[in-house]
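In my numbering, the protein residues as written are 125 to 522.
Where a beta carbon is used, it is the ideal one built from N, C-alpha and C, also for glycine.
None of the values given here were measured: they were computed from a predicted structure.
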Amino acid sequence: MQKDELVLSDVHLQVQSNQSKGYNISRFYYSEDPYTKKKKQVSTKTTEDGNLHRSKLVNGSLTDITQGIDKQAEVTTKDGTEGDEKTEDKDNTEMDRDIGGIEIYKDDKCIGEVKTDKDVCGVKIDKDICEVKKSKDVCKVKKNSDGDVEVQRRKRKIEDLSVMTIAHKMETTLENVGQQIWLASLLMADFIISHKEEFQGKRILDLGAGVGLTSVVAAMYADHIISTDIGKDIKELAQHNLDQNNIKDVTNFSVEEFDWFENKYTAVDKTDEVKLKMDHEVESDIDSCDIIISADVIYDNNITDALFRTVYGVMVYTSINTWYISTEKRYVFTLQDFDIACPAYLHFRECLTQLQDMSDHGQFTISCKEEIPQCFQYNRTKELELWKVTIQRHSTTK
């Protein structure tokens, strides 16, 4: 991709927005209580004669089939009306998936359907013999043009959600992509909200904060946020978004320029004055941080290398011992492979491996976080990932 070629984030196609002073103003709806639902399963073991065995709903009962619908399941009757929604298991982080169903029969008449989060291939339950029968027309699973299952999620009313207003560019050159909003930043925002206890009262360094969406979310819980990026325009945009979202205490939030290519943490020698360009006060603030976050900053190998050098220096020479980074696998056609590949992501994974192998000053541990509850409304894809990097320093380090 050429540096002057315009790029556009998919996020901007999914949110309500309007134009103002050359920027797009988008409204992002979210909930601090992520959607959760207890798993339901149906046993469909076969007997020796090949028939399906009698079965019960896990976590439910079929003793009285007219009342045996699990109280935590969503019930839809044949006339299309829905039953009351019951309390859900808050400890389970599985998202709602209404892609299957069990029809409930009484006197050979279907009286309703229990929606489950498993494709059970259609299972009918007869009250009198409580027998599980196969059915081809119960479990109708919607699929998209690629043949993938379209997951139907329970939607919440807008009035039940909080809203965050973010100003950003609709499209930019590759050099200024930080002025847009990208999907991995929403994944990071989901993680921060759903793991708020990890950020409560902490000092957070946001590397490559862009328009500041992740910094604004982190500021909801942290004691202090240092939102960093490079360039006057991006700095002003992040500050504007901070002001517009009424952060609890503006003094706990600072927006600073931080160049990954030239800073004291990447200097080969601590006396290398060429690389000591940061303001001393900013240096002191960074040194006292607890956690680093970076969202959707993996797209150029040189920039990725500079990021890892910076993070390595920060984690070795300060008290910071945790780094969360979210990214998206972006597939492109490469002449080198003459095939579809995701070179920027593969380079990122190589950098993670190299970081894990570096043990001069401490032992790095790296893991990919899974099953992150979704708090923001957006199209989350399987290409989105969030990684955690920690360091156990040697006693002589720092």
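DSSP-derived helix/strand/coil call for residue i
i, result
"M312", "helix"
"Y153", "strand"
"T505", "coil"
"Y441", "helix"
"I422", "coil"
"F382", "coil"
"S519", "coil"
"D541", "In the structure as shown, the chain begins at 125 and stops at 522. Residue 541 is therefore absent and cannot be evaluated."
"D330", "strand"
"I350", "strand"
"H71", "The chain is shown only over 125 to 522; residue 71 falls outside these bounds and no answer can be derived."
"D411", "helix"
"D270", "coil"
"A343", "coil"
"Q304", "coil"
"L337", "helix"
"I358", "helix"
"I371", "coil"
Cβ-Cβ separation, residue j to residue i (assumed contact under 8 Å), whole Å
i, j, result
"V341", "A362", "Contact doesn't hold; Cβ gap of about 13 Å is too wide."
"E381", "I354", "6 Å"
"I317", "E494", "At roughly 17 Å, the Cβ-Cβ gap does not stay under 8 Å, so I317 and E494 are not in contact."
"I349", "Q303", "19 Å between Cβ atoms; not a contact."
"V379", "S351", "5 Å"
"L310", "Y502", "5 Å"
Cβ neighbours of residue i in the same chain (closer than 7 Å, five flanking residues each side left out)
i, result
"T451", "A308, D420, I422, Y469, F472 and E509"
"T458", "A465 and P467"
"I417", "M312, I328, D330, T338, A342 and Y448"
"M288", "F152, Y154, V340 and N369"
"D347", "G325, K326, R327 and N376"
"D314", "I496, P497, Q498, C499 and F500"
"A333", "S339, S351, T352, D353 and A362"
"E507", "E452 and K453"
Beta carbon proximity, residue i to chain D, threshold 9 Å
i, result
"L479", "Structure shown: chain D not included; a single protein chain is present."
Beta-bridge pairing of residue i - partner residues as DSSP gives them
i, result
"W447", "I416 and V513"
"I290", "S150"
"F457", "I464"
"F500", "Y154"
"F377", "I349"
"E110", "Within the shown structure, residues of the chain are numbered from 125 to 522, placing residue 110 beyond reach of any answer."
6 Å CB neighbourhood of residue i in its chain, flanking five on each side removed
i, result
"T390", "R433, T434 and G437"
"I515", "M439, N445, G486 and F488"
"D414", "K326 and R327"
"L476", "I490"
"N425", "H471"
"R527", "Only positions 125 to 522 of the chain appear in this structure, which leaves residue 527 out of reach."
"Q480", "F488 and I490"
"T442", "D411"
"Q460", "none"
Own chain residues within Cβ distance below 8 Å of residue i, not counting five before or after
i, result
"S89", "The shown model of the chain, from 125 to 522, leaves out residue 89, and the question about it has no answer."
"H364", "A291"
"A430", "W384, F385 and T390"
"D463", "F457"
"M482", "Y436 and F488"
"L366", "G336, S339, V340, A343, S351, V374, F377 and V379"
"R517", "V440, N445, H485 and G486"
"D173", "The pLDDT assigned to D173 is 47, lower than 50, so where the model puts this residue is not dependable, and the model offers no usable value."
"K320", "E156, M344 and Y345"
"I427", "W384 and V421"
"T505", "L307 and E452"
"E474", "none"
"F323", "I316, A342, Y345, A346 and I415"
Contact test: residue i Cβ vs the ligand ZN heavy atom, cutoff 8 Å
i, result
"L510", "The model depicted lacks the ligand ZN and carries no ligand whatsoever."
_Those runs of the alpha helix (DSSP H) which lie wholly inside the region 463-496 and span at least 4 residues_ = Listed in chain order, they are 467-481.
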